[in-house]
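**Student:** Everything in the sequence shown is counted per our numbering, starting at 282 for the first residue and increasing by one.
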Amino acid sequence: MKAFPDAAFPEKAATLERIREKVLDGQRIDAAEGLVLYECADLSFLGALANAVRERKHRNHTYFNRNFHIEPTNLCIYTCSFCSYSRRIKKREEGWELSLEEMLDQVKAFDGQPVTEVHVVGGVTPRYDLDFYCDFFKAVKSHRPELHLKALTPVEYHYIFHKARVSYEEGLERVRDAGVDSLPGGGAEIFDEALRDQIAGGKCTSEQWLRIHEIWHGMGMRSNATMLYGHIEQYEHRIDHMQRLRELQDRTHGFQTFIPLKFRNKNNEMAHIEEVSLLDDMKNFAVARIFLDNFDHLKAYWPMLGRQYAQLALSFGVDDIDGTIDDTTRIYSMAGSEEQRPSLQTAELIHLIRQVGRIPVERDSLYHPLHIYDGDGPEPKTAIFKDSFFPLPVESASQ
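Shown next as structure tokens:
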């Protein structure tokens, strides 16, 4: 990888060269250096450096899983200005509120299919309390014990625990005992409180979001983390957001993957804000991969980006493009994403990954490899199962 060339701006070039040397040497960059990458580095420099980190951690492997979503409701007590999904205040006739039986029917619809994960997230509504969700989680595990249950964000848990008058610790113990295996990363939005109040006022605070994940990690459990970008935030707000995640990860090591989520401006109160460019999308992935040295994985959520852009992100630090989904989520399609009915067969995901020269690895929800498709055909050349699992070598810069 060549040093960054910029004879017209020697100070900038020297700074970027120092950052490059640190990253290639496995050293951590600080917040000021992260901001320099956003503001000064060109895309080719960022892509090459992020890809070096990605390949040091994962070689040429790209991960996916077989999953589906359940979105219990789009009715919500909150009025986030970026949200195109909620129907609490207006257009209530377009809303839905599933019963426990209807939610379980969605699980049963995948009986006999080799899915490994169900992702449960939706609006926050008084109808769904802690007992309701615990009953649902138990029903899922009773029906299909092996299915990994990734369920509810800290925004939802903060509300239902407060309503049940239980502490975060007690509430999280109850949902874990009911069958929840991991937490998704949603609801983080942006951690700067002034911005958070503007776009997501009333929801749990940044500190509450982080605290719920910290308690969950302390119970020996795993979760993901997200960041909503491309709205009213600036680069320094993104760095601050990732810095807080990195600090928590240093303490707990419980986050599995970081998922940048792009603001889409259709059908919401922030429709006047222009969406950021593809260039900024790729820059954001690259800086995240370089800055979050203690996160093993970086995911490009293909229903948000679209298939081709998710492929491109695999050259900017991304090593995971999520899963099959099977047209079970509407959150981004309602915000105007290119993927209006997001669904991919396993063979299609494998093809997308191979098209850009990567090796597809089917994983479970905890990133244990299940199949490595390192041949040319549709069947895996290498099969790895959890009972005889040997993890791929992963270098963690935090060690």
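Each residue gets a CB set at the ideal place from its N, CA and C atoms; glycine is no exception.
Keep in mind the model is a prediction, meaning the values are calculated, not measured.
For the alpha helix (DSSP H) that contains phenylalanine 326, what are its first and last residues?
**Tutor:** Walking along the sequence shown from the start, residue 326 turns up at place 45. Element bounds for phenylalanine 326: 324–339.
**Student:** Which residues in the same chain have their Cβ closer than 7 Å to the Cβ of tyrosine 449, if we skip the five residues on either side of it in sequence?
**Tutor:** Position 168 of the sequence shown, counted from the start, is the residue given in the question as residue 449. Same-chain partners within the cutoff: Phe442, Arg492, Ile493, Ile496.
**Student:** Whose CA, out of Phe472, Val447, Arg519, Leu327, lies closest to the CA of leucine 305?
**Tutor:** In the sequence shown, residue 305 corresponds to position 24, counting from 1. Selected option, being the one with the closest Cα: Leu327.
**Student:** When the Cα atoms are used, what is the spatial distance from glutamine 621 to glycine 604?
**Tutor:** Along the sequence shown, one-based indexing puts residue 621 at 340. Along the sequence shown, one-based indexing puts residue 604 at 323. In this predicted model, glutamine 621 has a pLDDT of only 41, less than 50, meaning its place in the structure is not dependable; the value taken from the coordinates is given anyway. Between glutamine 621 and glycine 604, the C-alpha separation is close to 16 Å.
**Student:** How many angstroms separate the CA atom of glutamate 383 from the CA atom of aspartate 577?
**Tutor:** Stepping through the sequence shown from its first residue, residue 383 is reached at position 102. Stepping through the sequence shown from its first residue, residue 577 is reached at position 296. Approximately 36 Å between the Cα atoms of the pair.
**Student:** Do leucine 411 and lysine 422 have their CB atoms nearer than 8 Å?
**Tutor:** For the purposes of this step, residue 411 is taken as residue 130 along the sequence shown, with counting starting at 1. For the purposes of this step, residue 422 is taken as residue 141 along the sequence shown, with counting starting at 1. Cβ atoms of leucine 411 and lysine 422: not closer than 8 Å.
**Student:** Measuring straight from C-alpha to C-alpha, what distance separates serine 646 and glycine 460?
**Tutor:** What you label residue 646 is simply residue 365 of the sequence shown in a count that begins at 1. What you label residue 460 is simply residue 179 of the sequence shown in a count that begins at 1. Computed Cα separation, rounded: 14 Å.
**Student:** Which residues in the same chain have their Cβ closer than 6 Å to the Cβ of alanine 737, if we skip the five residues on either side of it in sequence?
**Tutor:** The first residue shown for the chain is 282 and the last is 680, placing residue 737 beyond what the model contains.
**Student:** Is it the case that the CB of glycine 499 approaches a heavy atom of the ligand FMN more closely than 7 Å?
**Tutor:** Looking for the ligand FMN in the displayed structure turns up nothing, as the structure carries no ligands at all.
**Student:** For glutamate 320, which of Phe345, Tyr648, Ile520 has the nearest alpha-carbon?
**Tutor:** Counted from its first residue, the sequence shown places residue 320 at position 39. When only C-alpha atoms are compared, the closest one is Ile520.
**Student:** Taking the alpha-carbon positions, what's the glutamate 298 to aspartate 392 distance?
**Tutor:** Taking the sequence shown and counting its residues from 1, one reaches residue 298 at position 17. Taking the sequence shown and counting its residues from 1, one reaches residue 392 at position 111. Roughly 54 Å between the two C-alpha positions.
**Student:** Quick one: residues in its chain with C-beta nearer than 6 Å to the C-beta of histidine 439, no 5 flanking neighbours on either side, listed in chain order?
**Tutor:** Here residue 439 is taken as the residue at index 158 of the sequence shown, counted from 1. For histidine 439, where only same-chain residues beyond five positions count, the Cβ hits under 6 Å are Cys485, Gln489.
**Student:** How many whole angstroms separate the CB atoms of isoleucine 640 and isoleucine 653, which I take to be in contact at a CB cut-off of 8 Å?
**Tutor:** Here the question's residue 640 lines up with position 359 in the sequence shown. Here the question's residue 653 lines up with position 372 in the sequence shown. Isoleucine 640 to isoleucine 653, Cβ: 7 Å. Contact.
**Student:** If you measure between the beta carbons of glutamate 434 and leucine 595, is that distance less than 8 Å?
**Tutor:** As a working note, residue 434 is residue 153 in the sequence shown. As a working note, residue 595 is residue 314 in the sequence shown. This sequence places threonine at residue 434; glutamate is not what is there. Not closer than 8 Å, so no.
**Student:** Give every residue of the same chain whose Cβ lies closer than 7 Å to the Cβ of asparagine 346, excluding the five residues on either side of it in the sequence, and list them in chain order.
**Tutor:** Taking the first residue of the sequence shown as 1, we reach residue 346 at position 65. Around asparagine 346: Thr397, Glu398, Gly604, Glu643, Arg644, Asp645, Ser646.
**Student:** Would you tell me roughly how many angstroms separate the C-alpha atoms of histidine 534 and histidine 498, rounded to the nearest one?
**Tutor:** Indexing the sequence shown from 1 puts residue 534 at position 253. Indexing the sequence shown from 1 puts residue 498 at position 217. So the two alpha carbons sit approximately 8 Å from each other.
**Student:** By the 10 Å Cβ neighbour count, where 16 or more other Cβ atoms means buried, how is proline 650 classified, buried or exposed?
**Tutor:** One-based indexing of the sequence shown puts residue 650 at position 369. Under this definition proline 650 is a buried residue.
**Student:** Mapping the DSSP letters down to three states, classify isoleucine 300 as helix, strand or coil.
**Tutor:** Along the sequence shown, read from residue 1 onward, the residue named residue 300 stands at position 19. It is helical.
**Student:** Rounded to whole angstroms, what is the Cα-Cα separation between alanine 322 and serine 504?
**Tutor:** Mapped onto the sequence shown, residue 322 falls at position 41. Mapped onto the sequence shown, residue 504 falls at position 223. Approximately 31 Å between the Cα atoms of the pair.
**Student:** Let me confirm a value: glutamine 592 is counted as buried when at least 16 other C-beta atoms fall within 10 Å, else exposed. Which label applies?
**Tutor:** Counting from one through the sequence shown, the residue named residue 592 turns up at place 311. By the 10 Å Cβ count, glutamine 592 comes out buried.
**Student:** List the residues that DSSP assigns as beta-bridge partners of glutamate 378.
**Tutor:** On the sequence shown, residue 378 is found 97 positions in, with the first residue counted as 1. Note: glutamate 378 sits in a beta bridge opposite Thr354.
**Student:** Beta strand (DSSP E) containing lysine 431: first to last residue?
**Tutor:** In the sequence shown, residue 431 corresponds to position 150, counting from 1. Element bounds for lysine 431: 429–432.
**Student:** Among residues of its own chain, excluding the 5 on either side of alanine 331, which ones have a beta-carbon nearer than 6 Å to its beta-carbon?
**Tutor:** Numbered from 1 along the sequence shown, position 50 holds the residue referred to as residue 331. Here the set comprises Ala567, Arg570, Ile571, Phe597, Gly598.
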